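In the working numbering, the protein residues as written are 1 to 294. Before any comments, here is the structure.
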Amino acid sequence: MVACDYIQPLNESVHQLARLAFAEDLPAGDVTANALNLSGKRVSARVMTRQSGIMVGECWLQAVLDAFQPYAKQDMRVTAKKRDGAAIQSGDVLFDLQGDSADLLAFERTFLNFLGRGMGIAIKTKAFVDLVRSLGCNAAVLDTRKTLPGFRYFDKYAVLCGGGQNHRMNLSDQVLIKENHIASFGGVAEAVQYARERTPKQIPIEIEVQNFDQLRQALDAGCRLIMLDNFKPVHVHEACSWPRNGAEFEVSGGISLENISHYCHPTLDRISIGSLTHSVKAPDITLLVNEEAS
């Protein structure tokens with residue numbers, strides 16, 4: 001099981017999203033299933049993957065099922081065959097399903113849409129984590145707030161399934177002083193000090209710096225978490241050689257699988273990557289009806 005401290009809000013949000021999705025897809029039922037008189041036949045089915053990847057969906061499966069209940073003609077059973085975060089191979093069965101034929105067909109596309117997004121995020125995250133580790137870098141691979149609106153918990157849970165870690169969940173979680181904040185306030189040191197005086201100690205404070213001068217100011221101000229935003233790789237390596245007095249360095253901005261090797265450094269602490277959640281490619285998964293169930 002993937003360790004996650006927001007299971008309840010995750011499932012609540014998935015239930016709300018699934019309710020909207022089914023209402024969107026079934027405003028007046030499934031006219032194709034009605035035309036073919038498919039209702040009343042109980043069948044079994046399976047969800048399979050046609051490529052290797054990472055499993056996501058066991059945790060929030062019940063939330064999607066509950067959202068479908070108002071549309072179901074019979075009781076539908078769906079059983080996860082893999083645990084979230086598990087590696088899967090082409091041909092693996094991810095879920096077994098049993099229910100009314102018309103119900104399964106109405107459930108299919110929405111369920112696969114949720115699976116595809118979650119698994120796509122996890123697969124990409126795992127690729128980044130594996131590459132970073134292969135380069136001898138122990139930096140945490142982090143997501144961002146660049147998630148699909150409404151899918152914040154969903155997307156960030158998928159990152160955990162892929163072996164990544166979550167950056168702040170929302171604007172209430174952490175102080176992150178960015179370029180526009182500094183421009184509005186007047187300076188790095190002043191912004192850090194002002195925020196520190198007005199922020200409860202349990203809320204982390206991070207500052208984004210654009211150059212070495214701002215980095216020096218942030219270190220001198222005693223900032224413990226510093227984001228090197230859009231630094232060139234050579235400048236990231238130079239910054240990582242500086243004395244830090246315990247400060248953690250995070251690199252962000254334009255990181256991809258093609259260029260991340262240039263940024264990795266043995267003493268880099270964190271790498272935040274927007275594309276984990278803003279550019280998602282769903283894997284090849286399918287639902288196949290087996291036969292009439294007893």
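From the three backbone atoms N, C-alpha and C, an ideal C-beta is built for every residue, glycine too. From a predicted model like this one, the values you see are computed outputs, not experimental measurements.
- About 6 Å separates the CB atoms of Ala-45 and Leu-287; that is less than 8 Å, so the two are in contact.
- Spanning the alpha carbons of Gly-120 and Leu-61 requires a straight line of approximately 17 Å.
- For Ala-80, the enclosing beta strand (DSSP E) has its first and last residue at 77–80.
- Taking a 10 Å sphere around the C-beta of Pro-283, we find 16 or more other C-beta atoms and assign the residue as buried.
- Going by beta carbons, Ile-285 and Met-48 fall inside the 8 Å limit.
- Glu-248 is positioned such that its CB atom lies closer than 8 Å to that of Leu-225.
- A buried status is given to Gln-214, since no fewer than 16 other beta-carbon atoms sit within 10 Å of its beta-carbon.
- A straight-line Cα-Cα distance of about 4 Å links Ser-90 and Gln-51.
- Taking a cut-off of 8 Å on C-beta distances, the stretch 255–266 touches the stretch 230–238, as three or more cross pairs fall below it.
- Counting along the chain, Asp-130 sits inside the alpha helix (DSSP H) bounded by residues 101–134.
- Going by beta carbons, Leu-10 and Tyr-153 fall inside the 8 Å limit.
- Of the residues assessed, Lys-126 falls on the buried side of the cut-off, its CB having 16 or more other CB atoms within 10 angstroms.
- Within the stretch 198–268, complete beta strand (DSSP E) segments of at least 3 residues are found at 205–209, 225–229 and 248–252, given in chain order.
- With distances taken between CA atoms, Cys-4 lies nearest to Asp-84 out of Ala-102, Gly-40, Lys-73 and Asp-84.
- A straight-line Cα-Cα distance of about 11 Å links Ser-279 and Ile-273.
- Inclusion of Asp-103 and Ala-122 in the CB contact set at 8 Å is not warranted, their separation being larger than that value.
- Nearest to Asp-269 by C-alpha distance, out of Asn-211, His-167 and Ala-106, is His-167.
- A check of alpha carbon separations from Asn-245 across Glu-238, Ala-191, Cys-223 and Glu-197 identifies Cys-223 as the nearest.
- For the 8 Å CB-CB criterion, Asp-173 and Lys-156 do not form a contact.
- Contact between Leu-97 and Val-78 holds: their C-beta atoms lie close to 5 Å from each other, under 8 Å.
- Classified as buried, Ala-191 has 16 or more neighbouring CB atoms from the shown chains inside 10 Å of its CB.
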